[in-house]
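K.L.:
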Amino acid sequence: MTVETRLPKLSTLSLVTMGLLMALQLVIKSFSVGPAFLKFSFTFLVAALVARLFGPWWGMMTAAVVDVIGTLMSGGPFFIGFTISAVLGSLIYALFLYGKPVSWPRLIIAQVIISVVVNAFLNTLWVAIMYKTPFWGLFPVRLLKQVIMTPIQVVLLYALFKSQMVNLIQKRLNL
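Residue 24 is where the sequence shown starts when you use the numbering used here, and the numbers rise one by one after that.
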């Protein structure tokens, strides 16, 4: 058994679509809704879409690029941990969604793993390291936010993947 380690080839249309989705993610990244405690962004929708359409390798690569460019555009401090989190989130989405039918169990499991492991645990760890704050002082509040947001994210992902537009894009890309 051999494992394919090269990036899958992309058509010109796929490359352009991926670039547009990356640009969309950068634009969406600058907008968020809600109070500071429950600040909510829709970038996860685009990250999940890229992972679903193009698979783990391209999804992880675009997640890293979008994270680095987004940090540079915002003028905030760069920390490699958040790039690792973005890449892991994309990998998890791809493992559950790439080349597979969309289902509630797949979306729920993928989003719960991302919410708990990546968003609550790892991102809290990165914040604690960056700002020298106690991990256990931050973790409960950040975990509570994920408990509140995860069902909303699952419903939005399901609606996105069941939309006619996404189905049209998939057909157009011959995926």
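The beta carbon of each residue, even a glycine, is placed where N, CA and C say it ideally should be.
(1) Shortest alpha-carbon distance to Leu76 belongs to which of Ile136, Val89, Ala133, Ser113?
(2) What number of angstroms, rounded off, separates the C-alpha of Ala117 from the C-alpha of Trp159?
(3) On the three-state DSSP scale, how would you describe Phe184?
(4) Along the chain, where does the alpha helix (DSSP H) containing Asn197 start, and where does it finish?
(5) So Thr66 packs on Gln48, CB below 8 Å; how close in whole Å?
(6) Hey, could you find the ends of the alpha helix (DSSP H) Pro79 is sitting in?
(7) To which residues of the same chain is Leu30 closer than 8 Å at the C-beta, ignoring the five residues directly before and after it?
(8) Is the stretch 93–102 touching the stretch 123–136 in the sense that three or more CB pairs, one from each, lie closer than 8 Å?
P.N.:
Taking the coordinates as given:
(1) Ser113
(2) 30 Å
(3) helix
(4) It is not in any alpha helix (DSSP H) - Asn197 carries neither H nor E in the DSSP assignment.
(5) 5 Å
(6) 66–97
(7) Trp80, Trp81, Met84
(8) no
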